[in-house]
Structures are given as structure tokens and as C-alpha cells.
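Numbering (our numbering), first residue to last: 10 to 196.
Here it is in C-alpha cells:
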């Protein structure tokens, strides 16, 4: 058992080394995996990058200042649907670590509350998905709304309404053990 735990920790250490390398190479505009990774042209990149940074800060809290300049760029970068979800996961992790208000200014947090919203995915009156989003985006919208609630940015009302829509979709379309990507019928 001890040997397996040591192997597990060794693997985790190596994964953090890779994550650290990719993050720092991206910041320095160097190649990772044969390409230069950027925040440009990927509406999910800012969220993915924020989440990666939050994992590194959790693992290496003394190095948080090393990445302080990057957050400004992440706040400004575009973020859509899944990217919002990833970014909010990062913010929740930083909140749990007690670092959210240390890393972000009040102005940055205000901008994030305006930017990281679920309303692009779900209509607030009908609680139905906005076109062209497939039904699995109920899960994305729910996660965004729930994380906003956990961060104290809104009440739990929206996440409960979206969850009701998601559960209703499952009840209607998952009788064969899977949920489709279509609104009208199961595959």
C-alpha cells in the first residue's frame, strides 16, 4: 500500500511539473507540445488557464505572486460557455483557499461577475436553452449558476430552475440509459 501511495504521489508530482511547465511556457510565449499556446481565438482558453493557475497556486502557494500579472489578461480575455465554467471553478478554488480577494481587485471581480454569466445559454423567462446550444449545455449553465451562487454573486434561484430543466430532460429522454444531444428525442 505504501508503495502504491508513493507511486501515486510521484505521478501527481509529474503532472504538476507538466502543468507548471505549460503554464509558464504559455506566459512566456514559448512552445509547448510543438506549438505556442495563447489565449487568442479560443473562447475557453482563459477559463482553462485560470483553472490551471488555481491548481498551481493550491499546490505552490508561495509562488502565487509569480503569476499575479497574468490574471489581468485573463479577466480581459474572452470567455464563453465552457470557458466561463472553467473560470468559475478557478474562482471557487481560490475562494476556498482564501485568496480570491487577494488575487483580484474589486474592479476585476466586478468585471468577472458581469462576464461570467449563464444567460447566454438559458432564457431567463422560459428557462429553456437558447439556440443553438445542445441539451448537455443545461449542465454547463447549471454549473455556472451554482458556482455564482456559491461565490455569493446571485441567489440559488437560477441554478435550481436550470437544474429542474436538466432533470426534466433526463426523465424525458434517458429511458435507455443515455441522454442525447437533441431536444426532441433520444437517439
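A virtual CB, placed ideally from N, CA and C, is assigned to each residue, including glycine.
- Message: Quick check: what's the CA-CA separation for residue 55 versus residue 38?
- Response: The sequence position of residue 55 within the chain shown is 46, counting from 1. The sequence position of residue 38 within the chain shown is 29, counting from 1. Residue 55 and residue 38: Cα-Cα distance of roughly 15 Å.
- Message: So if DSSP puts residue 131 in a beta bridge, which residue, or which two residues, is it bridged to?
- Response: As a working mapping, residue 131 is identified with position 122 in the chain shown. According to DSSP, residue 131 bridges with 138.
- Per DSSP, residue 45 is paired with what? Taking the chain shown and counting its residues from 1, one reaches residue 45 at position 36. According to DSSP, residue 45 bridges with 40.
- Query: What did DSSP end up calling residue 200 once you bin it into helix, strand or coil?
  - Reply: Outside the displayed range of the chain (10 to 196) lies residue 200, so it cannot be described from this structure.
- Message: Can you look up residue 50 in the DSSP assignment and give me helix, strand or coil?
- Response: One-based indexing of the chain shown puts residue 50 at position 41. Coil at residue 50, not helix or strand.
- Would you give the residue range spanned by the alpha helix (DSSP H) that residue 183 belongs to? Locating residue 183 in the chain shown gives position 174, where the first residue counts as 1. Boundaries for residue 183: no alpha helix (DSSP H) harbours it, and the DSSP string shows neither H nor E there.
- Does the beta-carbon distance from residue 148 to residue 130 come in below 8 Å? Along the chain shown, read from residue 1 onward, the residue named residue 148 stands at position 139. Along the chain shown, read from residue 1 onward, the residue named residue 130 stands at position 121. Result no, Cβ atoms of residue 148 and residue 130 do not sit closer than 8 Å.
- Given residue 167 as reference, the closest of 152, 180 and 179 once Cα atoms are compared: Here residue 167 is taken as the residue at index 158 of the chain shown, counted from 1. The residue with the shortest Cα to Cα distance from residue 167 is 152.
- Quick one, are the C-beta atoms of residue 63 and residue 86 less than 8 Å apart? On the chain shown, residue 63 is found 54 positions in, with the first residue counted as 1. On the chain shown, residue 86 is found 77 positions in, with the first residue counted as 1. Cβ atoms of residue 63 and residue 86: not closer than 8 Å.
- Query: Do you know offhand how far residue 105's Cα is from residue 126's?
  - Reply: Position 96 of the chain shown holds residue 105. Position 117 of the chain shown holds residue 126. Looking at the two C-alpha atoms, the distance is approximately 20 Å.
- Message: Between the alpha carbons of residue 60 and residue 169, how many angstroms are there, rounded?
- Response: Working through the chain shown from its first residue, we reach residue 60 at position 51. Working through the chain shown from its first residue, we reach residue 169 at position 160. Rounded to whole angstroms, residue 60 to residue 169 spans 25 Å at the Cα level.
- Where does residue 10 fall in DSSP's three states? Your numbering for residue 10 matches position 1 in the chain shown. If DSSP states are grouped into helix, strand and coil, residue 10 belongs with coil.
- Would you kindly check if the distance between the Cβ of residue 101 and the Cβ of residue 138 is under 8 Å? Translated into the one-based positions of the chain shown, residue 138 becomes position 129. Translated into the one-based positions of the chain shown, residue 101 becomes position 92. No.
- Simplified DSSP state of residue 165, which is helix, strand or coil: To locate residue 165, count along the chain shown from 1; it is residue 156. Of the three classes helix, strand and coil, the one that applies to residue 165 here is coil, per DSSP.
- Query: CA-CA distance, residue 22 and residue 75?
  - Reply: In the chain shown, counting from the first residue as 1, residue 22 sits at position 13. In the chain shown, counting from the first residue as 1, residue 75 sits at position 66. Rounded to whole angstroms, residue 22 and residue 75 show a C-alpha spacing of 19 Å.
- Query: Distance, Cα to Cα, residue 196 vs residue 96?
  - Reply: The count along the chain shown starts at 1 and reaches residue 196 at position 187. The count along the chain shown starts at 1 and reaches residue 96 at position 87. Any reading at residue 196 is ruled out, since the residue's pLDDT is 37, under 50, leaving its predicted position unreliable.
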